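See below for the structure under consideration.
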Amino acid sequence: MATPLPFLRLPWLAMQAVFDTMDLLEIFRISQTSKRTHRFIKMFLSRRNFILTAKFACPFTLEARCREHRSYGICMKLLSEYNFGIITEEITIYAGLFKICKVLLVVERPTLAPRAVKLFQSLNLNIDSIVVNLHKRANEYYQEMIELSRVAKNLEIFSDPTKKFRLPVSTKPFQFDTLKLFHAEWVTRYYLTNLFINCKELYMENCQLSYSDYLMFFKQWIKESRLEIAKIHMKEERNFSPMFKQLKATPVNKIKHYGKRLDIPNGRCYMIQQETTGIRAVVLYTESNNLVNLTTDFEL
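Just so we're aligned: the sequence shown equals residues 1 to 300 in the UniProt record's numbering.
Structure, rendered in structure tokens:
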């Protein structure tokens, strides 16, 4: 049995001062020396909330970082071939020591991701975000990863599932707090107006939607939507003036957004309003980068 470290005999405030001089890796290693040490250090760390990041790649990476102090963290890597038993053991150790407020799951190698989600749930850990960044040879896993992500509040897809990728007709609408698609060539009108319309924030790059697709999107938002922010980067320039005249939207030349007063050229910004809730949004088109920006957070 390991001998307790002498500083555990110090008064509590003195012991806290000693721990504050150490980096988290040192504290973590000390916590593994005895049950008594583990108990004291867990009590000390209970003042801090930690974000746990599990990256299923090669190597597998597990990181615990203090939410308030970004420099206060610990990272471990499994460089060789790993199995789920080792991953389970490491995650359980971290969960037993740190006060984890949320989990970020990064998926590059998807085969173990479903089991990881079940493990986090069994430990009562909140999966805040899932990031999908698969290799091209793993295209068949996209549908599974997207469905799996429903347990999280936020989903980001960095990799490109190809234009031919399609979700099943039976797919239910998503209600993410944030949905980010960095290669959105595969997104159709149906996905935009039915599956994505009730996410709170939507970010899409490299969209290839038509004029009529955007028209239906804004019509659906006016009818009913939870969407508060949408930033859609198009591959081609679009003229939205006729569209918003058709929607009977109100032209806007000045808005206050994020505390800044913006002067906007004619035909670049319109205000629309939802039929049932009365919620208003402005839609701003930036010609230089073909960006459509919808936001409910503005002042006239």
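Here a beta-carbon is modelled for each residue, glycine too, at the ideal position from N, C-alpha and C. Here the structure is a predicted model, which is why all the values come from computation and not from measurement.
Sub-9 Å separation of residue i and residue j beta-carbons
i, j, result
"residue 222", "residue 204", "no"
"residue 290", "residue 284", "no"
"residue 171", "residue 202", "no"
"residue 240", "residue 258", "no"
"residue 110", "residue 131", "no"
"residue 148", "residue 108", "no"
"residue 118", "residue 48", "no"
"residue 249", "residue 272", "yes"
"residue 211", "residue 244", "no"
"residue 52", "residue 102", "yes"
"residue 209", "residue 252", "no"
"residue 263", "residue 256", "no"
"residue 128", "residue 163", "no"
Burial state of residue i, where buried means 16 or more other Cβ atoms lie within 10 Å
i, result
"residue 169", "exposed"
"residue 10", "exposed"
"residue 43", "exposed"
"residue 55", "buried"
"residue 276", "exposed"
"residue 180", "buried"
"residue 237", "exposed"
"residue 60", "buried"
"residue 40", "buried"
"residue 145", "buried"
"residue 288", "exposed"
"residue 1", "Because the pLDDT of residue 1 is 45, which lies under 50, any placement of that residue in the model is unreliable, and the question is left without a value."
"residue 234", "buried"
"residue 113", "buried"
"residue 281", "buried"
"residue 84", "exposed"
C-alpha gap between residue i and residue j, whole angstroms
i, j, result
"residue 104", "residue 184", "22 Å"
"residue 25", "residue 192", "45 Å"
"residue 63", "residue 14", "28 Å"
"residue 93", "residue 176", "30 Å"
"residue 106", "residue 246", "43 Å"
"residue 142", "residue 286", "31 Å"
"residue 165", "residue 27", "47 Å"
"residue 12", "residue 35", "17 Å"
"residue 74", "residue 31", "13 Å"
"residue 33", "residue 45", "16 Å"
"residue 312", "residue 265", "As shown, the chain starts at 1 and ends at 300. That puts residue 312 outside it, with no answer to give."
"residue 351", "residue 126", "Only positions 1 to 300 of the chain appear in this structure, which leaves residue 351 out of reach."
"residue 295", "residue 67", "28 Å"
"residue 200", "residue 160", "23 Å"
"residue 21", "residue 95", "23 Å"
"residue 65", "residue 29", "16 Å"
"residue 150", "residue 37", "38 Å"
"residue 115", "residue 58", "17 Å"
"residue 219", "residue 120", "39 Å"
"residue 224", "residue 260", "28 Å"
Cβ contact (3+ pairs, closer than 8 Å) linking the stretch 135 to 146 and the stretch 80 to 94: No, the stretch 135 to 146 does not touch the stretch 80 to 94.
3-residue-minimum beta strand (DSSP E) runs that sit fully inside the stretch 189 to 275, ordered along the chain: Taking only runs of at least 3 residues, the beta strand (DSSP E) segments lying wholly in the stretch 189 to 275 are 201 to 207, 229 to 234, 254 to 257, 260 to 263, 269 to 273.
Inside the stretch 56 to 110 only - beta strand (DSSP E) runs reaching at least 3 residues: Correct list: 60 to 66, 73 to 78, 100 to 107.
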